[in-house]
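S.K.: If you're matching them up, the sequences are chains S and A in order.
For what it's worth, numbering that gives the first Met the number 0 labels the leading residue of the first sequence as 0, then goes sequentially.
For what it's worth, numbering that gives the first Met the number 0 labels the leading residue of the second sequence as 0, then goes sequentially.
Idealized CB from N, CA, C, for every residue including glycine.
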Amino acid sequence: MKVKQARGWSVTLAFAVLLFLLVLVSLNTGKMSLKLGEIMEVFLGAASERNETIVYQFRMPRIVLAALVGFGMGGAGVVLQTLLRNDMASPGTLGISAGAGLFVMLVIAGFQITALPSRYLLPVLAFVGGITSAVLIFLLAYRRHAEVSPTGLILTGVAVGTGYGALTLMITLKLDDNQMEFAQRWNAGSLWGDDWNYIGIMLPLVAGIWLYLYSRYRILDLFALGQLLAKGLGVRIRYQFVSLALAAVALSSVSVAFGGSFFFVGLIAPHIARRLCGGNHAWLLPASSLAGALLVLAADTLVRSSIAIVGIPTGIVITLISAPYFLYLLARIK
Amino acid sequence: MTQPQHSAGRSQGGRLFPLYMTAGALMLLAAAAASVSFGAADMSLATAWGAVFGFNPDISEHQVIRALRLPRTLAGIVVGASLAVCGAVMQGTTRNPLADSGLMGISSGAACGIAVSLALVPGGPYLTQMMFSCIGAALATSLTYLFASAGGRGMTPQRLVLAGLSISMLFGALTSAIAIKYRIGKEMIHWTSGSTASISWIELAVAMPLFALGIGTALAISRSVTLLSMGDDVASGLGLQARRIRLIATLAVLALTGLAVVIVGPIGFVGMIIPHLARFLVGADYRYIIPMSAIYGAGFLVLADLFGRLYNRPHETPLGIIFAVIGVPCFLYIARKIRRETQ
Numbered sequence: 000m001k002v003k004q005a006r007g008w009s010v011t012l013a014f015a016v017l018l019f020l021l022v023l024v025s026l027n028t029g030k031m032s033l034k035l036g037e038i039m040e041v042f043l044g045a046a047s048e049r050n051e052t053i054v055y056q057f058r059m060p061r062i063v064l065a066a067l068v069g070f071g072m073g074g075a076g077v078v079l080q081t082l083l084r085n086d087m088a089s090p091g092t093l094g095i096s097a098g099a100g101l102f103v104m105l106v107i108a109g110f111q112i113t114a115l116p117s118r119y120l121l122p123v124l125a126f127v128g129g130i131t132s133a134v135l136i137f138l139l140a141y142r143r144h145a146e147v148s149p150t151g152l153i154l155t156g157v158a159v160g161t162g163y164g165a166l167t168l169m170i171t172l173k174l175d176d177n178q179m180e181f182a183q184r185w186n187a188g189s190l191w192g193d194d195w196n197y198i199g200i201m202l203p204l205v206a207g208i209w210l211y212l213y214s215r216y217r218i219l220d221l222f223a224l225g226q227l228l229a230k231g232l233g234v235r236i237r238y239q240f241v242s243l244a245l246a247a248v249a250l251s252s253v254s255v256a257f258g259g260s261f262f263f264v265g266l267i268a269p270h271i272a273r274r275l276c277g278g279n280h281a282w283l284l285p286a287s288s289l290a291g292a293l294l295v296l297a298a299d300t301l302v303r304s305s306i307a308i309v310g311i312p313t314g315i316v317i318t319l320i321s322a323p324y325f326l327y328l329l330a331r332i333k
Numbered sequence: 000m001t002q003p004q005h006s007a008g009r010s011q012g013g014r015l016f017p018l019y020m021t022a023g024a025l026m027l028l029a030a031a032a033a034s035v036s037f038g039a040a041d042m043s044l045a046t047a048w049g050a051v052f053g054f055n056p057d058i059s060e061h062q063v064i065r066a067l068r069l070p071r072t073l074a075g076i077v078v079g080a081s082l083a084v085c086g087a088v089m090q091g092t093t094r095n096p097l098a099d100s101g102l103m104g105i106s107s108g109a110a111c112g113i114a115v116s117l118a119l120v121p122g123g124p125y126l127t128q129m130m131f132s133c134i135g136a137a138l139a140t141s142l143t144y145l146f147a148s149a150g151g152r153g154m155t156p157q158r159l160v161l162a163g164l165s166i167s168m169l170f171g172a173l174t175s176a177i178a179i180k181y182r183i184g185k186e187m188i189h190w191t192s193g194s195t196a197s198i199s200w201i202e203l204a205v206a207m208p209l210f211a212l213g214i215g216t217a218l219a220i221s222r223s224v225t226l227l228s229m230g231d232d233v234a235s236g237l238g239l240q241a242r243r244i245r246l247i248a249t250l251a252v253l254a255l256t257g258l259a260v261v262i263v264g265p266i267g268f269v270g271m272i273i274p275h276l277a278r279f280l281v282g283a284d285y286r287y288i289i290p291m292s293a294i295y296g297a298g299f300l301v302l303a304d305l306f307g308r309l310y311n312r313p314h315e316t317p318l319g320i321i322f323a324v325i326g327v328p329c330f331l332y333i334a335r336k337i338r339r340e341t342q
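#1: Once DSSP output is grouped into helix, strand and coil, what is the label at TYR119 of chain S?
#2: Using DSSP with H/G/I as helix, E/B as strand and the rest coil, what is GLY79 of chain A?
#3: Helix, strand or coil for ARG215 of chain S, going by three-state DSSP, please let me know.
#4: Is DSSP giving VAL260 of chain A helix, strand or coil here?
#5: Assuming ILE244 of chain A contacts ILE220 of chain A under a Cβ cut-off of 8 Å, what Cβ separation, rounded to an integer in Å, is found between them?
#6: Mind checking which residues open and close the alpha helix (DSSP H) that includes HIS280 of chain S?
#7: Kindly list, in the order they appear in chain S, the residues whose Cβ is closer than 7 Å to that of MET168 of chain A.
#8: Could you give the distance in angstroms between the alpha-carbon of SER251 of chain S and the alpha-carbon of LEU83 of chain S?
#9: Could you tell me which uninterrupted alpha helix (DSSP H) segments, each at least 4 residues in length, are contained entirely in the segment 9–96 of chain A, listed from first to last along the chain?
#10: Against GLY141 of chain A, what residues of chain S qualify as contacts under a CB-to-CB distance less than 9 Å, listed in chain order?
#11: Report the rounded CA-to-CA distance for GLU40 of chain S versus THR300 of chain S, giving the unit in angstroms.
#12: Starting from the C-beta of GLY171 of chain A, find all residues in its chain whose C-beta is less than 6 Å away, skip the five residues before and the five after it, and write them out in chain order.
#13: Just list the alpha helix (DSSP H) runs in the segment 96–156 of chain A, keeping only unbroken ones of 4 residues or longer that don't cross its boundaries, in chain order.
#14: Flag this pair as yes or no: are the beta carbons of VAL78 of chain S and VAL255 of chain S separated by less than 8 Å?
#15: Under a three-way DSSP split, which group does LEU228 of chain S fall into?
#16: What are the boundary residues of the alpha helix (DSSP H) that GLN239 of chain S is part of?
#17: With three or more C-beta pairs closer than 8 Å as the rule, is the segment 31–38 of chain S touching the segment 48–60 of chain S?
#18: Determine which residues of the segment 155–167 of chain A have a Cβ less than 9 Å from any Cβ of chain S, and write them out in chain order.
#19: Look up ARG245 of chain A in the DSSP assignment and say whether it is helix, strand or coil.
#20: Can you look up TRP191 of chain S in the DSSP assignment and give me helix, strand or coil?
#21: For the alpha helix (DSSP H) holding ILE271 of chain S, just list the boundary residues, first then last.
#22: Given a cut-off of 8 Å, decide if GLY23 of chain A and ILE266 of chain A are closer than it, judged by their beta-carbon atoms.
#23: Under 9 Å Cβ-Cβ, which residues of chain A neighbour GLY151 of chain S?
#24: In this structure, how does DSSP classify THR92 of chain S when only helix, strand and coil are distinguished?
#25: In chain order, what residues of the same chain lie with their CB nearer than 7 Å to the CB of TYR324 of chain S, ignoring the 5 residues before and after it?
#26: Look at the alpha carbon of THR1 of chain A and the alpha carbon of PHE322 of chain A, and state the distance between them as a whole number of angstroms.
#27: Which same chain residues end up closer than 6 Å to LEU139 of chain S when comparing Cβ atoms and leaving out the 5 residues on each side of it in sequence?
#28: Starting from VAL78 of chain S, trace the alpha helix (DSSP H) in both directions and tell me its first and last residue.
#29: Please report the distance separating the alpha-carbon of ASP313 of chain S from that of PHE70 of chain S.
#30: Alpha carbon to alpha carbon, how far is LEU255 of chain A from PRO208 of chain A?
#31: Would you tell me roughly how many angstroms separate the C-alpha atoms of ARG101 of chain S and PRO317 of chain A, rounded to the nearest one?
#32: Select from the segment 35–55 of chain A all residues with a C-beta closer than 7 Å to any C-beta belonging to chain S, and list them in chain order.
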């Protein structure tokens, strides 16, 4: 146990350092190239106005958004996997992202997306969608006198996700051309909310929910032992389960609302983290969140740096990178 | 399933088989007639009849029927039969009740093949698209099977669905990337939402031989599929070369899925639902299930297409959506049933 904790600590630190380096690389990436020195100047407030605009108005918001979306997805994924004791659980496979997505699409169809009220409405409705999905899946997979089987839950999630996807497509088809293009890019995972106004809403939400989850890391450790054992150790199972699950759904819904749908991030980031730093949530939760942030930011930097794939939504690149990894996991799991 | 039940189901199903087939054929005929007559503009059945047998190029309604409605109806029949037969063959050979060419990523692979062909050989002949589509289908199938059967416990339905899901997401992402990169998004929309709207006679003519070959193969191996569905032990005990039959079955599935996707795009759930319906009606013998699936699949798709045209006129509701709305509850029901049986 001691060895693992030491490793957890170093893995988290390594991820944080990597993320910092990646942010620097990402700041340098784009149509107009800036030298590292010039970026330093911007932060010291001694740069030209042009460079300041590039960094503060174009690159920083995008980077912060990518990191936040990945951070939220990675955190929500690890909590869901622990609560359900299911390796394949994630906001994507449980259909929670799809539910949040459907409601986001309703906002797009019903309101002007850039108008002020929809900015605040968006995360709230996404949360409503995510919760609806979660409850629906639980009701469908739940049977009396039997524990909810892990594969049954995922199959149900996949099916409900497909249904929500079809409804989303149906709404998409009713949109006008402008909204349609936005909807299609959103659906492919385009990190559209790269604007300080949106980040101003998203940052406190992600930080708040994440800190709440982190404050319960000991309880998550107990849940990982199984509900019976956790109960024996004095955890109020039902209350804790519901409140932690709600928080995880909220965290992923906020990410979906501003970033777009990233199916695999919430599934893969926890696996990478668990593999490297073991099952102690004091380190697992931050490590998984950071891994998610790294994944999304790396994919986004790739999209912006390479001419070959410029203009392709980030989500597509993430799927191309992470679907093979997921298949590898699937092949290994018994 | 115990043996007496099984044989009882077969004999009863066999007795009722001609009846169900006639009913299915009548339903298909009625659906086809309705599909030719109703649409953005309604026409009488007599006009439709005239367009087919006494074609008069001066009547604009005859033109519409000849150029749009007839090929569309035929396309629905071809695709519906293909997908349902694919599902039946796959369910039998893999012993997996959730098998479906849409859910297992085969259709996404085929669509991705079409995107590649549009990007590499723009404006190429129709045959090229079909070839690429079948190659994409083959690639996706082998990947799905590979990952679903890797690891200790072999290919459970759940694993197959999860592997199929990720393979179809992978190919879906590749398709979008190619569509954006080569600016063929507009051309690809036809293949991503699933629509029979823009079928031409030439496309049907190219697809027809492949269709006949695929369905013929499926019918020819139907007896062996029944044996395979009882498990490899039984099948090899009865002297069946399981491997060879599986290979032939897979080739037939690839051809049928490839052509279905070229004609209407990836559509899920048809291949899963229809064979279950057939099995419910005629029992577990694939000699009956496969022809039943062909007829009922065709009728079902034509009806769904008609519904998509009539609901919310004059806008069209894509087939993919209609099938998802019908298919998801069926999927949940079937998945729940298998879990109950396996536990």
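M.R.: For this structure:
#1: As a working mapping, residue 119 of chain S is identified with position 120 in the first sequence. Helix at TYR119 of chain S.
#2: The sequence position of residue 79 of chain A within the second sequence is 80, counting from 1. The answer is helix: DSSP assigns GLY79 of chain A an H, G or I state.
#3: In the first sequence, counting from the first residue as 1, residue 215 of chain S sits at position 216. ARG215 of chain S falls in the coil class under three-state DSSP.
#4: Within the second sequence, numbered from 1, the residue matching residue 260 of chain A stands at position 261. Looking at VAL260 of chain A - three-state DSSP - the assignment turns out to be helix.
#5: As a position in the second sequence, residue 244 of chain A is number 245, starting the count at 1. As a position in the second sequence, residue 220 of chain A is number 221, starting the count at 1. Confirmed, about 6 Å.
#6: Stepping through the first sequence from its first residue, residue 280 of chain S is reached at position 281. Run containing HIS280 of chain S: 280–304, per the alpha helix (DSSP H) assignment.
#7: In the second sequence, counting from the first residue as 1, residue 168 of chain A sits at position 169. Per Cβ cutoff of 7 Å: PHE262, THR318, ALA322.
#8: Residue mapping note: residue 251 of chain S aligns to position 252 of the first sequence, counting from 1. Residue mapping note: residue 83 of chain S aligns to position 84 of the first sequence, counting from 1. Rounded to whole angstroms, SER251 of chain S to LEU83 of chain S spans 16 Å at the Cα level.
#9: 44–52, 59–63, 69–93
#10: On the second sequence, residue 141 of chain A is found 142 positions in, with the first residue counted as 1. The question names Gly, but residue 141 of chain A in the sequence shown is Ser. The contacting residues do not exist; SER141 of chain A stays about 13 Å from chain S at best.
#11: Reading the first sequence from its first residue, position 41 is the one you call residue 40 of chain S. Reading the first sequence from its first residue, position 301 is the one you call residue 300 of chain S. Cα to Cα, GLU40 of chain S sits roughly 22 Å from THR300 of chain S.
#12: Numbered from 1 along the second sequence, position 172 holds the residue referred to as residue 171 of chain A. Within the same chain, GLY171 of chain A has close Cβ partners SER107.
#13: 105–119, 125–148
#14: For the purposes of this step, residue 78 of chain S is identified with residue 79 of the first sequence, where counting begins at 1. For the purposes of this step, residue 255 of chain S is identified with residue 256 of the first sequence, where counting begins at 1. No, they are not a contact pair.
#15: Against the first sequence, residue 228 of chain S aligns to sequence position 229. In this structure, LEU228 of chain S counts as helix in the three-state DSSP scheme.
#16: As a working note, residue 239 of chain S is residue 240 in the first sequence. Start and end: 236–258.
#17: yes
#18: THR155, PRO156, GLN157, ARG158, VAL160, LEU161, ALA162, LEU164, SER165, ILE166
#19: In the second sequence, the residue the question calls residue 245 of chain A occupies position 246. Note: ARG245 of chain A maps to helix in three-state DSSP.
#20: For this step, residue 191 of chain S is matched to residue 192 along the first sequence. Reduced to three states, the DSSP call for TRP191 of chain S is coil.
#21: Your numbering for residue 271 of chain S matches position 272 in the first sequence. Note, ILE271 of chain S: alpha helix (DSSP H), 264–276.
#22: Here residue 266 of chain A refers to the residue found at position 267 of the second sequence. Here residue 23 of chain A refers to the residue found at position 24 of the second sequence. For ILE266 of chain A and GLY23 of chain A, no; Cβs fall outside 8 Å.
#23: Here the question's residue 151 of chain S lines up with position 152 in the first sequence. Within 9 Å Cβ-Cβ: GLN157, ALA334, ARG335, ARG338.
#24: The sequence position of residue 92 of chain S within the first sequence is 93, counting from 1. Note: THR92 of chain S maps to coil in three-state DSSP.
#25: Locating residue 324 of chain S in the first sequence gives position 325, where the first residue counts as 1. Cβ neighbours of TYR324 of chain S beyond the five flanking positions: ILE267.
#26: Numbered from 1 along the second sequence, position 2 holds the residue referred to as residue 1 of chain A. Numbered from 1 along the second sequence, position 323 holds the residue referred to as residue 322 of chain A. Its pLDDT being 36, under 50, THR1 of chain A is placed unreliably by the model, and the measurement read from it follows with that caveat. Each residue's Cα considered, the two are about 33 Å apart.
#27: The count along the first sequence starts at 1 and reaches residue 139 of chain S at position 140. THR155.
#28: Reading the first sequence from its first residue, position 79 is the one you call residue 78 of chain S. Looking at the DSSP string, the run of the alpha helix (DSSP H) that includes VAL78 of chain S is 59–83.
#29: Translated into positions along the first sequence, residue 313 of chain S becomes position 314. Translated into positions along the first sequence, residue 70 of chain S becomes position 71. The sequence given here places Thr at residue 313 of chain S; Asp does not occur at that position. If I take the Cα positions, the gap works out to 15 Å.
#30: Counted from its first residue, the second sequence places residue 255 of chain A at position 256. Counted from its first residue, the second sequence places residue 208 of chain A at position 209. So the two alpha carbons sit approximately 11 Å from each other.
#31: The sequence position of residue 101 of chain S within the first sequence is 102, counting from 1. The sequence position of residue 317 of chain A within the second sequence is 318, counting from 1. The residue you asked about is not Arg; residue 101 of chain S is Leu in the sequence shown. Computed Cα separation, rounded: 18 Å.
#32: none
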